[in-house]
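In the numbering used here, the protein residues as written are 2 to 108. Encoded as structure tokens, the structure appears first; notes follow it.
In structure tokens, the structure reads:
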């Protein structure tokens, strides 16, 4: 990682590759990204669990909806979400259903 305030601080590093197996999904690319996020851990956690803010950090996102909120307070969130994304290399919309859980740990 680049030190805070350096020229490369806002860089996003992207790696791509292929899978070595022949099972379902082997024809899709494997992609990994890494970047520095200049905000406090609590601010980052709030950003990631707020479905209305997904487009702030995911430019491929079409949006994310909370389908069922099981618990939500200042220290703990558990919900089922449906996200829609359109990666440029696929040319189609992916619908992803996920269980999102975040809780503040003691200490």
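Virtual Cβ for every residue (Gly too), placed ideally from N, Cα, C.
From the DSSP output, read off the bridge partner residues of residue i.
i, result
"residue 103", "78"
"residue 14", "35"
"residue 43", "Residue 43 is not bridged to any residue."
"residue 66", "83"
"residue 96", "85"
Would residue i be called buried (16 or more neighbouring beta carbons within 10 Å of its own) or exposed?
i, result
"residue 55", "buried"
"residue 65", "buried"
Determine the closest residue to residue i out of the options, with distance taken between C-alpha atoms.
i, options, result
"residue 107", "82, 27, 36, 77", "77"
"residue 51", "96, 39, 81, 87", "81"
"residue 28", "17, 36, 37, 38", "17"
"residue 33", "40, 25, 94, 20", "20"
"residue 96", "79, 62, 89", "62"
"residue 30", "40, 88, 98", "88"
What separation, rounded to the nearest whole angstrom, lies between the Cα atoms of residue i and residue j?
i, j, result
"residue 68", "residue 12", "34 Å"
"residue 91", "residue 48", "27 Å"
"residue 53", "residue 37", "22 Å"
"residue 59", "residue 25", "26 Å"
"residue 15", "residue 42", "23 Å"
"residue 98", "residue 86", "11 Å"
"residue 83", "residue 94", "12 Å"
"residue 79", "residue 23", "35 Å"
"residue 40", "residue 46", "10 Å"
For the structure I just gave you, are there three or more beta carbon pairs, one from the stretch 95-108 and one from the stretch 68-85, closer than 8 Å?
A contact exists between the stretch 95-108 and the stretch 68-85.
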